[in-house]
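Line order of the protein sequences matches chains E and Z.
Going by my numbering, the first sequence opens with residue 2, and the numbers climb by one from there.
Going by my numbering, the second sequence opens with residue 818, and the numbers climb by one from there.
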Amino acid sequence: MKVISASEARNNFSEILSLVAFRGEEFEIKRKGKILAAIVPKKNASKKKSEIRNKLKAIDELSQISLKIPDNWEEVEKLLSDLHDPHI
Amino acid sequence: MIYIDTNVFIYANDKGSRFYKNAVSLLKLLASKDLNITTSTEAFQEIVHVAKKLKQVVRGVELCDKILKVIPNPISIDLVIIKKFLKMIKIYPFLESRDLLHLAVCLEKKADSLITEDEKLRRVKGIRCYSIVRALEQYGQNS
Numbered sequence: 002m003k004v005i006s007a008s009e010a011r012n013n014f015s016e017i018l019s020l021v022a023f024r025g026e027e028f029e030i031k032r033k034g035k036i037l038a039a040i041v042p043k044k045n046a047s048k049k050k051s052e053i054r055n056k057l058k059a060i061d062e063l064s065q066i067s068l069k070i071p072d073n074w075e076e077v078e079k080l081l082s083d084l085h086d087p088h089i
Numbered sequence: 818m819i820y821i822d823t824n825v826f827i828y829a830n831d832k833g834s835r836f837y838k839n840a841v842s843l844l845k846l847l848a849s850k851d852l853n854i855t856t857s858t859e860a861f862q863e864i865v866h867v868a869k870k871l872k873q874v875v876r877g878v879e880l881c882d883k884i885l886k887v888i889p890n891p892i893s894i895d896l897v898i899i900k901k902f903l904k905m906i907k908i909y910p911f912l913e914s915r916d917l918l919h920l921a922v923c924l925e926k927k928a929d930s931l932i933t934e935d936e937k938l939r940r941v942k943g944i945r946c947y948s949i950v951r952a953l954e955q956y957g958q959n960s
């Protein structure tokens with residue numbers, strides 16, 4: 002996805018719209034160093050929404066697995082401690 | 818690219834953890850904003866290793882399967898990353914080798930940030946490291 006500034010987007014909007022609509026290109030719009038928006042073909046936007054929904058569903062499922070781990074990370078660290086130990 | 822350390826995934830599925838709610842909220846926030854989140858193959862083997870130690874292999878594998886739905890293309894540890902990792906051992910002697918591997922991935926792939934609850938990793942310079950709470954603030958407000 003090509004990144005363009007807000008002023009580039011404003012000055013070339015018609016051309017950008019054609020590239021998006023007819024060539025399937027995607028643009029991210031940056032202002033003050035941060036990407037604030039994107040212009041993507043409509044079909045890609047729908048696909049993206051569906052991908053995000055699926056990811057959120059997977060996170061919900063992930064959060065229900067309940068791998069029971071020790072209370073603090075130090076104990077998990079102990080479990081991991083032999084992970085890269087060549088003597089084990 | 819936002820790199821997620823293993824501990825975030827592990828906390829996000831352990832309801833008894835004090836980080837549970839925030840870890841789940843963070844993953845949802847990043848996914849809902851369609852931010853480019855990733856992890857590496859190292860995270861999967863760590864999760865399976867912990868699960869095996871806890872005799873919960875089935876759950877560990879299930880967790881890995883779900884992570885793959887959130888991050889379908891985790892970064893593989895390739896030769897370039899291994900070389901970076903080996904160089905970094907001398908630079909960061911206070912880090913465990915598995916942490917160094919995560920760090921080598923982040924630096925080699927030029928990650929924007931690394932989210933981890935590992936305080937030692939957060940002491941490393943050259944990459945923005947956020948705790949789960951700090952990442953919630955950062956990506957909740959500014960992205």
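Heads up, the beta-carbon is just placed ideally off N, CA and C, and yes, glycines get one too.
Owing to the predicted nature of the structure, the values given are computational and were not obtained by experimental measurement.
Q) Less than 7 Å separating the beta-carbons of E:Leu1 and Z:Gln873? A) Residue numbering for chain E in the displayed model covers 2 to 89; residue 1 of chain E lies beyond these limits and cannot be assessed.
Q.
Does the contact criterion of 3 or more C-beta pairs under 8 Å hold for the segment 818 to 830 of chain Z versus the segment 935 to 954 of chain Z?
A. yes
Q.
So with CB distances below 8 Å, who are the chain E contacts of Z:Gln873?
A. Leu68 and Lys69
Q) Is it true that the CB of Z:Pro891 sits closer than 7 Å to the CB of Z:Ser930? A) no
Q: Output the boundary residues of the alpha helix (DSSP H) element that contains Z:Ala860.
A: Thr858 to Lys870
(Q) Let me confirm a value: Z:Glu954 is counted as buried when at least 16 other C-beta atoms fall within 10 Å, else exposed. Which label applies? (A) exposed
Q) Three-state secondary structure (DSSP) at Z:Thr855? A) strand
Q) Ordered along the chain, which non-local residues of its own chain (more than five positions away) have a Cβ less than 7 Å from that of Z:Ser839? A) A small fix is needed here, since residue 839 of chain Z is Asn in this sequence, not Ser. So the qualifying residues of the chain are Ile949, Val950 and Leu953.
Q.
Any beta carbon from chain E within less than 7 Å of Z:Ala829's own beta carbon?
A. yes
Q: Taking Z:Ala848 as part of the alpha helix (DSSP H), name the residues at either end of that continuous run.
A: Tyr837 to Ser849
Q) Which runs of the beta strand (DSSP E) fall wholly inside the segment 870 to 908 of chain Z and span at least 3 residues, in chain order? A) none
Q | Where E:Ala38 falls: helix, strand or coil (DSSP) | A | strand
Q: Within its chain, find whatever has a CB closer than 8 Å to the CB of E:His88; leave out the 5 residues flanking it on each side and keep chain order.
A: Note that E:His88 scores a pLDDT of 41, beneath 50, so its modelled location is shaky and nothing firm can be said.
Q: With 7 Å as the threshold, decide whether the Cβ of Z:Ala895 is near any Cβ in chain E.
A: The sequence given here has Asp at residue 895 of chain Z, not Ala. Z:Asp895 does not count as touching chain E.
Q) Looking at C-alpha atoms only, which residue of Z:Val865, Z:Glu879, Z:Lys907 and Z:Ile899 is the closest neighbour of Z:Cys923? A) Z:Ile899
(Q) Could you check whether E:Ile30 and Z:Leu844 sit closer than 7 Å to each other, using their CB atoms as the reference points? (A) no
**Q.** Limits of the unbroken alpha helix (DSSP H) element including E:Arg24
**A.** Phe14 to Arg24
Q: Answer with buried or exposed for E:Lys35, where buried requires no fewer than 16 other C-beta atoms within 10 angstroms of its C-beta.
A: exposed
Q. By Cβ distance below 6 Å, which residues in the same chain neighbour E:Ala10 in space, the five residues on each side in sequence not counted?
A. Ile30
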